[in-house]
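First residue of the sequence shown: 17, per the numbering used here; consecutive thereafter. C-beta: ideal position from N, C-alpha, C; glycine also. Working notes, structure below.
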Amino acid sequence: MEASVVSEETLADVLGARARRTPMDRLVLDIVGGVLIAAAAIWARPPAWFPLMAAATCFACYGCWAVTERRAHTASGTPGPAASPGWRFARQAAAVVGLAAYVTLLFAILGLALGPIKS
């Protein structure tokens with residue numbers, strides 16, 4: 017990972033550059049592993065299954081977003097919007113679902129940390 021980050025770069029720029037550097041095998045592992053772990057957490061319902069499912073969904077969505085980001089970058093040749101609106105929609109959907117999973121993970125961890133609250 018780079019030691020210094022240019023101050024003008026946005027989070028999307030940094031994540032996009034990282035997605036293009038990450039091997040495709042790793043991204044596929046993120047997607048498949050995230051989906052399998054989320055499904056197993058929903059099916060088995062171990063203690064603290066909800067944060068586990070949310071974290072796995074974050075990994076799966078990052079993998080999906082990174083694959084679509086690569087596809088968009090390859091299609092246009094330069095960073096920017098994808099040539100196909102379908103890829104753009106898939107990238108935005110993965111980002112929205114991933115962000116929702118991240119917020120859910122934060123609230124689930126907060127709920128575990130606080131424990132049951134009785135009034």
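Spatial neighbours of residue 68 in its own chain (CB-CB distance under 6 Å, excluding positions within 5 residues in sequence) are listed in chain order as 57. DSSP places residue 38 in no alpha helix (DSSP H); its state is neither H nor E. Put simply, of 100, 45, 81 the residue whose alpha carbon is nearest the alpha carbon of residue 36 is 81. Where residue 61 is concerned, there is no enclosing alpha helix (DSSP H), because DSSP gives it neither an H nor an E. Residue range 101–130 is occupied by the alpha helix (DSSP H) that includes residue 114. In the three-state reduction of the DSSP assignment, residue 24 falls in the coil class.
The C-beta separation of residue 124 from residue 72 comes to about 12 Å, leaving the pair out of contact by the 8 Å criterion.
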